[in-house]
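Student: For reference, the structure I am asking about is given below.
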DNA sequence: GCAAAAGTGTTCTCAATACACCCATGC
DNA sequence: GCATGGGTGTATTGAGAACACTTTTGC
């Protein structure tokens, strides 16, 4: 160990893996870079950490500048710092992943950034190590969502159980028994049944539910075991 | 988003939370700083990320320079970057936690660094945000160890089931039924019984076991549920 | 009246828990 | 011979998994 003097400084950035769910599919929001280097290529939304902010703040700033959203679910994932990860200049990047309700973000902003949603099996070519970041984010999301009731963050305030069911099936690329699934989610006491129904995706219509926010906050740590346990868990 | 020009660079460091287990207690290895600022105070072992290395390499370098160990369990925990976390100069620090077999590290090295083992409830005052780092590392260790067979990394090659039992009890600060515990660990098929016994801690002696390395590698992702589930899980 | 999705109950199996006694040995 | 820690078996309970039919309604 040595003193602070003579230590090389480096650029520090954040990158956001922004997940959204629509058309029964989990997607990520990518932008087409409007600046060099790699202009025109696809990448995660990112930005440099400014002198007055910490990484969390930087990630929040970046996220809300792209989506217009504040207070959404945002969690630090991992710091990537291979000396050659950015061929133009040594840059450390701390990746964050965000879960947003796709119905609430401001479309005009994302359009101004040339942002688009991509299904996870249809990703375009990405700059640097951004594909690794997405892979790791997806693994962590799978891991967490199997244990904690986190996926509600991807749904609108009012949602139906079949929607939630589809979300789990999409994330784990599996099929889950409807009856067992319903019983399990309802047994958490996290859901409050509404009186109205969502009628676009079926004739019968599915009841809307809302999150019981208080119970959600208290039970977030609670285990769920929504998913039959050994579903492709990678190391966290 | 902006180009690379005019972006402020900052110092980037790593800090290692090094866990060890002896005297039936989980401990962390701390050093007494031999340089300014904060000379003489206790801190985690750390170092700056060099131009030719990534954070993982830096953490490995720092860890082995203190312990003499290579190839031990080391995992990135979190990046701390509050603008004021280091009052002397803006520094980003990526924290790593390591699990070592306390019998294998080289004592002369740690002594040269004025390093000492501290039980987690007897920590001295630490510089900067190092206490937060330890708290977070402990939470993550608890979380992971409840789900994955990770604690073997803290034990010597040959260990007894009562030792393992004590380790779990120490980490979770709880008591676990001996019979159920034995049944569970043995049912994982991770352990290979040896013919000799450890005789210092009892008259009867306890059989030594070794890890089945192959099975360990294959089953590391496997869930364990060694711990009654809702044991103080904080968000990961 | 039929297609399409929503909603609901029961049985079985297995794993988690609780719990108490015998064993081996050093002193 | 007794104190100390090591080692083992059983009965009960609850949760997860498998599984099929009825309901509603737009067309």
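Chains as they are written, first to last, in the UniProt record's numbering: chain A, 1 to 236; chain B, 1 to 236. By construction, the Cβ of each residue, glycine as well, lies at the ideal position given by its N, Cα and C atoms.
So, is the C-beta of residue 68 (chain B) closer than 7 Å to a C-beta in chain A?
Tutor: As a working note, residue 68 (chain B) is residue 68 in the second chain. Closer than 7 Å: no.
Student: Please compile the residues from chain B whose C-beta is within a distance smaller than 8 Å of the C-beta of residue 3 (chain A).
Tutor: In the first chain, residue 3 (chain A) corresponds to position 3, counting from 1. Per Cβ cutoff of 8 Å: 35 and 36.
Student: Bridge partners for residue 93 (chain A) per DSSP, in chain order?
Tutor: Position 93 of the first chain, counted from the first residue, corresponds to residue 93 (chain A). A:13 and A:80, per the DSSP bridge assignment.
Student: If residue 12 (chain A) and residue 92 (chain B) are in contact, beta carbons under 8 Å, what's the gap, nearest whole angstrom?
Tutor: What you label residue 12 (chain A) is simply residue 12 of the first chain in a count that begins at 1. What you label residue 92 (chain B) is simply residue 92 of the second chain in a count that begins at 1. Confirmed, Cβ separation roughly 5 Å.
Student: Are there three or more Cβ pairs, one per stretch, closer than 8 Å when the segment 156-163 of chain A is compared with the segment 198-218 of chain A?
Tutor: yes
Student: Tell me the DSSP secondary structure of residue 233 (chain B) in three-state form.
Tutor: The residue given as residue 233 (chain B) occupies position 233 in the second chain. Any reading at residue 233 (chain B) must be qualified, since the residue scores a pLDDT of 36, below 50, and its modelled position is unreliable; no value is offered.
Student: Can you round the beta-carbon distance between residue 76 (chain A) and residue 78 (chain B) to whole angstroms, since I take them to be within the 8 Å contact cut?
Tutor: Residue numbering aside, residue 76 (chain A) sits at position 76 when the first chain is read from its first letter. Residue numbering aside, residue 78 (chain B) sits at position 78 when the second chain is read from its first letter. At roughly 6 Å, the Cβ-Cβ gap stays under 8 Å, so residue 76 (chain A) and residue 78 (chain B) are in contact.
Student: Of the residues B:84, B:86 and B:108, which one's Cα is nearest the Cα of residue 66 (chain B)?
Tutor: Within the second chain, the letter at position 66 stands for residue 66 (chain B). Looking at the Cα atoms, B:108 is the closest of the given residues.
Student: Mapping DSSP to helix, strand and coil, what is residue 54 (chain A)?
Tutor: For the purposes of this step, residue 54 (chain A) is identified with residue 54 of the first chain, where counting begins at 1. Three-state result, residue 54 (chain A): coil.
Student: On the three-state DSSP scale, how would you describe residue 72 (chain B)?
Tutor: Here residue 72 (chain B) corresponds to residue number 72 of the second chain, with the count starting at 1. If DSSP states are grouped into helix, strand and coil, residue 72 (chain B) belongs with coil.
Student: For residue 237 (chain A), is the classification buried or exposed, using 16 other Cβ atoms within 10 angstroms of its Cβ as the cut-off for buried?
Tutor: In the structure as shown, chain A begins at 1 and stops at 236. Residue 237 (chain A) is therefore absent and cannot be evaluated.
Student: Which value, in whole angstroms, describes the spacing of the CA atoms of residue 85 (chain A) and residue 103 (chain A)?
Tutor: Position 85 of the first chain holds residue 85 (chain A). Position 103 of the first chain holds residue 103 (chain A). The alpha-carbon atoms of residue 85 (chain A) and residue 103 (chain A) are separated by roughly 34 Å.
Student: Please compile the residues from chain A whose C-beta is within a distance smaller than 8 Å of the C-beta of residue 89 (chain B).
Tutor: Residue mapping note: residue 89 (chain B) aligns to position 89 of the second chain, counting from 1. Under the 8 Å cutoff, chain A gives 4.
Student: How far does the alpha helix (DSSP H) with residue 110 (chain B) in it reach, from first residue to last?
Tutor: One-based indexing of the second chain puts residue 110 (chain B) at position 110. Per DSSP, residue 110 (chain B) belongs to the alpha helix (DSSP H) from 107-112.
Student: Check this for me: beta carbons of residue 9 (chain B) and residue 5 (chain A), under 7 Å apart or not?
Tutor: Translated into positions along the second chain, residue 9 (chain B) becomes position 9. Translated into positions along the first chain, residue 5 (chain A) becomes position 5. Taking 7 Å as the Cβ cut-off, residue 9 (chain B) and residue 5 (chain A) do not qualify as a contacting pair.
Student: Answer yes or no: does any C-beta atom of chain B fall closer than 7 Å to that of residue 129 (chain A)?
Tutor: As a first step, residue 129 (chain A) is located in the first chain; it is residue number 129 there, counting from the start. It does not: the Cβ of residue 129 (chain A) has no partner Cβ on chain B nearer than 7 Å.
Student: Residue 82 (chain A) CB to nearest chain B CB: under 7 Å?
Tutor: The residue you call residue 82 (chain A) lines up with position 82 of the first chain. Judged by the 7 Å Cβ criterion, residue 82 (chain A) is in contact with chain B.
Student: Residue 145 (chain B) to residue 214 (chain B), Cα distance in whole Å?
Tutor: Taking the first residue of the second chain as 1, we reach residue 145 (chain B) at position 145. Taking the first residue of the second chain as 1, we reach residue 214 (chain B) at position 214. Residue 145 (chain B) and residue 214 (chain B) have their C-alpha atoms roughly 19 Å apart.
Student: In chain order, what residues of the same chain lie with their CB nearer than 6 Å to the CB of residue 152 (chain B), ignoring the 5 residues before and after it?
Tutor: Position 152 of the second chain, counting from 1, holds the residue named residue 152 (chain B). 211.
Student: If you check the beta carbons only, do residue 16 (chain A) and residue 72 (chain A) fall under 7 Å apart?
Tutor: Taking the first residue of the first chain as 1, we reach residue 16 (chain A) at position 16. Taking the first residue of the first chain as 1, we reach residue 72 (chain A) at position 72. Not a contact, by the Cβ cut-off of 7 Å.
Student: Could you tell me which chain B residues have their CB closer than 7 Å to the CB of residue 78 (chain A), listed as they occur along the chain?
Tutor: In the first chain, the residue the question calls residue 78 (chain A) occupies position 78. Near residue 78 (chain A) (Cβ distances below 7 Å), the residues of chain B are 76.
Student: Just to confirm before moving on: does the CB-CB distance between residue 51 (chain B) and residue 14 (chain B) stay below 7 Å?
Tutor: What you label residue 51 (chain B) is simply residue 51 of the second chain in a count that begins at 1. What you label residue 14 (chain B) is simply residue 14 of the second chain in a count that begins at 1. No; because the gap between Cβ atoms is not below 7 Å, this pair is not in contact.
Student: Mind checking if residue 48 (chain B) is an interface residue toward chain A, Cβ cutoff 7 Å exclusive?
Tutor: Here residue 48 (chain B) is taken as the residue at index 48 of the second chain, counted from 1. Closer than 7 Å: yes.
Student: Comparing alpha-carbon positions, which option in B:219, B:42 and B:38 lies nearest residue 122 (chain B)?
Tutor: Locating residue 122 (chain B) in the second chain gives position 122, where the first residue counts as 1. Cα-wise, what sits closest to residue 122 (chain B) is B:42.
Student: If we cut at 7 Å on Cβ distances, does residue 8 (chain A) have a partner in chain B?
Tutor: Numbered from 1 along the first chain, position 8 holds the residue referred to as residue 8 (chain A). By this cut-off, residue 8 (chain A) is an interface position.
Student: DSSP state of residue 31 (chain B), grouped into three classes?
Tutor: Stepping through the second chain from its first residue, residue 31 (chain B) is reached at position 31. Strand at residue 31 (chain B).
Student: List, in order along the chain, the chain A residues whose C-beta lies closer than 7 Å to that of residue 54 (chain B)?
Tutor: If you number the second chain from 1, residue 54 (chain B) lands on position 54. Within chain A, the residues near residue 54 (chain B) are 81, 82 and 83.
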